[in-house]
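Numbering (the numbering used here), first residue to last: 48 to 427.
One structure is given below, encoded as structure tokens.
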Ligand code: NAD
Ligand code: MG
């Protein structure tokens, strides 16, 4: 029996992780954490019987305690609660499916408690990858990628010598606005940006996919996971999301991982690594598929991707500025406070204002996040 804790159990990845658990009798849920959807949490508690559950606000935690008063589950709240879930002695592996760099402290706590990490929460690696990867090595825990592209690369690297990697080829769908020019993007509304061509995901990552900021975050995620330089990561647009990513090796061989777009595959792969299990669902039919096409990403229109390479090159605290500015800008766009094109503008402006702190520790990363928010709030 493999015991798992899930951070962000009510979200897109969290719910799909529970679907994987539902169809595998040797997985057991020991702890869950979520933001505020206590109705969904209650249903999850009744079905999966975790011993510990964390809800972000204490008020919602109180409500949940009443709802599940007939069960023996303990309900905790706030950052303390999240940390408790991450270090829960009964869990062996923590699925980090929470959204945003709020995942930094919980992920570190889980590593220090010796838990393997099935990592979906890319913002944590983007901002603190230089701390997390050596820490995982020190504590002897595995960081198992859940993001589909990173899972693909991880699968391509099975049995390979990582020193022989020459290039990571990170594929991108191009998002719903592929082929559009800057002037076409001026009047994009929230509803337009929330329509992803191939994947159904949480709101924040769906907006990030449309601006290509998601690919920028994934480039930085990949550089830490696989220890490569940003210039050795090439972004390849492959609109149907059939090739999930590829690796080019020293001898010029390119290995790719393909499949239908279904996040349950990378989730299940992370939970059972290095084994594969049956997974019901559609299979690729190459007779029907007939072609796979490739394009170069348009970084002049989607400047969020270009800025990600600049942030990675600047290093230190700059990826935190990139990420924090994007997190706030996306939440403002979703609440219709700013226009679509203001998202990359805000990121660019915050990066231009920032003096890089080299090799920041956790406190400096969180301080950079605060400063970035203050800067945007004071002047935008
Ligand atoms: P989502 O918005 O659907 O879900 C986020 C989850 O985090 C929810 O359960 C929410 O309650 C929880 N949460 C948010 N703030 C919290 C807080 N303060 N305390 C406790 N819980 C909190 O997001 P998602 O699409 O599932 O994405 C989650 C992460 O996985 C993101 O980092 C995203 O980039 C990454 N990811 C998602 C997909 C996908 O297909 N959805 C694919 C690859 C990577
Ligand atoms: Mg991805």
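We put the beta carbon where it would ideally sit given N, CA and C, even for glycine.
Small disclaimer: the values here were computed from a predicted structure and weren't measured.
- Task: Counting only the same chain and skipping the five closest in sequence on each side, list residues whose C-beta sits under 8 Å from that of residue 331.
- Result: As a first step, residue 331 must be located in the chain shown, where it is residue number 284. For residue 331, where only same-chain residues beyond five positions count, the Cβ hits under 8 Å are 289, 305, 306, 307.
- Task: Can you grab the Cα-Cα spacing for the pair residue 155 / residue 148, in whole Å?
- Result: In the chain shown, the residue the question calls residue 155 occupies position 108. In the chain shown, the residue the question calls residue 148 occupies position 101. Whole-angstrom Cα-Cα distance: 12 Å.
- Item | Buried or exposed by the 16-neighbour rule on C-beta atoms within 10 Å, applied to residue 267 | As a position in the chain shown, residue 267 is number 220, starting the count at 1. Buried is the call here.
- Task: Give me every residue whose Cβ sits closer than 7 Å to any heavy atom of the ligand MG, in chain order.
- Result: 194, 195, 196, 261, 265
- Beta-carbon separation (whole angstroms), residue 49 vs residue 65, contact threshold 8 Å: The count along the chain shown starts at 1 and reaches residue 49 at position 2. The count along the chain shown starts at 1 and reaches residue 65 at position 18. Incorrect: roughly 14 Å between the Cβ atoms, too far for contact.
- Terminal residues of the continuous beta strand (DSSP E) containing residue 295? Translated into positions along the chain shown, residue 295 becomes position 248. Per DSSP, residue 295 belongs to the beta strand (DSSP E) from 290–296.
- Message: I believe residue 215 touches residue 280 by the beta-carbon criterion, under 8 Å. Please report the beta-carbon distance rounded to the nearest angstrom.
- Response: To locate residue 215, count along the chain shown from 1; it is residue 168. To locate residue 280, count along the chain shown from 1; it is residue 233. Contact holds; Cβ gap of about 5 Å.
- Say the cut is 8 Å; is the CB of residue 373 nearer than that to a heavy atom of the ligand NAD? Position 326 of the chain shown holds residue 373. Within 8 Å of the C-beta of residue 373 there is not a single heavy atom belonging to the ligand NAD.
- Item | alpha helix (DSSP H) segment containing residue 229, residue limits | For the purposes of this step, residue 229 is taken as the residue at position 182 of the chain shown. It spans 229–232 - the alpha helix (DSSP H) in which residue 229 sits, taken as one unbroken run.
- Message: Can you tell me where the beta strand (DSSP E) holding residue 255 begins and where it ends?
- Response: To locate residue 255, count along the chain shown from 1; it is residue 208. That residue, residue 255, is in no beta strand (DSSP E); its alpha helix (DSSP H) goes 250–258.
- Task: Could you name the residues of the same chain whose beta carbon sits closer than 6 Å to that of residue 371, not counting the 5 residues immediately before and after it, in chain order?
- Result: As a working note, residue 371 is residue 324 in the chain shown. So the qualifying residues of the chain are 416, 419.
- Nearest candidate by alpha-carbon position, reference residue 225, set 187, 157, 257: Numbered from 1 along the chain shown, position 178 holds the residue referred to as residue 225. Checking every option, the nearest Cα to that of residue 225 belongs to 257.
- Query: Would the beta-carbon of residue 231 fall within 9 Å of that of residue 377?
  - Reply: The residue labelled residue 231 in the question sits at position 184 within the chain shown. The residue labelled residue 377 in the question sits at position 330 within the chain shown. Result no, Cβ atoms of residue 231 and residue 377 do not sit closer than 9 Å.
- Task: Determine the closest residue to residue 349 out of 387, 133, 86, with distance taken between C-alpha atoms.
- Result: By 1-based counting over the chain shown, the position of residue 349 is 302. Nearest of 387, 133, 86 to residue 349, Cα basis: 387.
- Item | Span separating the alpha-carbon of residue 143 from that of residue 55 | Your numbering for residue 143 matches position 96 in the chain shown. Your numbering for residue 55 matches position 8 in the chain shown. Roughly 7 Å between the two C-alpha positions.
- Task: Give the straight-line distance between the Cα atoms of residue 384 and residue 393, rounded to the nearest whole angstrom.
- Result: Translated into positions along the chain shown, residue 384 becomes position 337. Translated into positions along the chain shown, residue 393 becomes position 346. In a straight line, the C-alpha of residue 384 is about 13 Å away from that of residue 393.
- Counted within 10 angstroms of its Cβ, other Cβ atoms place residue 406 as buried (16 or more) or exposed: Indexing the chain shown from 1 puts residue 406 at position 359. Result: exposed.
- Cα separation between residue 248 and residue 59? For this step, residue 248 is matched to residue 201 along the chain shown. For this step, residue 59 is matched to residue 12 along the chain shown. Their Cα atoms are separated by approximately 6 Å.
- Distance CB(residue 337)-CB(residue 282) smaller than 9 Å: The residue given as residue 337 occupies position 290 in the chain shown. The residue given as residue 282 occupies position 235 in the chain shown. By the CB criterion at 9 Å, residue 337 and residue 282 fall outside the cutoff.
- Compare the C-alpha of residue 86 against each of 172, 107, 71, 401 and name the closest. The count along the chain shown starts at 1 and reaches residue 86 at position 39. With distances taken between Cα atoms, residue 86 lies closest to 107.
- Item | Backbone secondary structure at residue 51 - three-state DSSP | To locate residue 51, count along the chain shown from 1; it is residue 4. Correct three-state label for residue 51: strand.
- Task: Sort 127, 167, 124 by Cα distance to residue 141 and report the nearest one.
- Result: Counting from one through the chain shown, the residue named residue 141 turns up at place 94. Among 127, 167, 124, the Cα nearest to that of residue 141 belongs to 167.
- Task: Confirm the yes/no value for this check: CB of residue 396, any heavy atom of the ligand NAD, distance under 8 Å.
- Result: As a first step, residue 396 is located in the chain shown; it is residue number 349 there, counting from the start. In this structure, residue 396 has its beta carbon at no less than 8 Å from each heavy atom of the ligand NAD.
- Task: Tell me, to the nearest whole angstrom, how far the beta carbon of residue 293 is from that of residue 301; I am working on the premise that it is less than 8 Å.
- Result: Indexing the chain shown from 1 puts residue 293 at position 246. Indexing the chain shown from 1 puts residue 301 at position 254. With a Cβ gap of about 5 Å, residue 293 and residue 301 count as contacting.
- In or out: residue 96 buried (at least 16 other Cβ within 10 Å) or exposed? Taking the chain shown and counting its residues from 1, one reaches residue 96 at position 49. Residue 96 should be labelled exposed.
- Query: residue 424 by DSSP, collapsed to three states: which one?
  - Reply: As a first step, residue 424 is located in the chain shown; it is residue number 377 there, counting from the start. Residue 424 sits in a helix when the DSSP states are folded into three classes.
- Could you tell me which residues DSSP pairs with residue 302 in its beta bridges? Looking up residue 302 in the chain shown gives position 255. Residue 302 pairs with 294.
- Item | Sequence-distant residues of its chain with Cβ nearer than 6 Å to residue 259 (five each side left out) | Here the question's residue 259 lines up with position 212 in the chain shown. 349, 351, 352.
- Helix, strand or coil for residue 214, going by three-state DSSP, please let me know. Sequence index remark: in the chain shown, residue 214 carries index 167 (1-based). Three-state DSSP puts residue 214 in a strand.
- Paired residues, beta bridge with residue 404 - DSSP: What you label residue 404 is simply residue 357 of the chain shown in a count that begins at 1. Residue 404 is not bridged to any residue.
- Using a threshold of 8 Å, is the CB atom of residue 250 nearer than that to any non-hydrogen atom of the ligand NAD? Within the chain shown, residue 250 is the residue found at index 203, counting from 1. The answer is yes for residue 250.
- Determine the closest residue to residue 93 out of 208, 325, 178, 76, with distance taken between C-alpha atoms. As a first step, residue 93 must be located in the chain shown, where it is residue number 46. Comparing Cα positions, the closest option is 76.
- Three-state secondary structure (DSSP) of residue 390: Residue numbering aside, residue 390 sits at position 343 when the chain shown is read from its first letter. Three-state DSSP puts residue 390 in a helix.
- Item | Start and end residues, beta strand (DSSP E) containing residue 79 | Position 32 of the chain shown, counted from the first residue, corresponds to residue 79. Segment 74–81, the beta strand (DSSP E) holding residue 79.
- Going by Cα to Cα distance, which pick from 355, 101, 72 is closest to residue 84? To locate residue 84, count along the chain shown from 1; it is residue 37. If we check each option's Cα against that of residue 84, 101 comes out closest.
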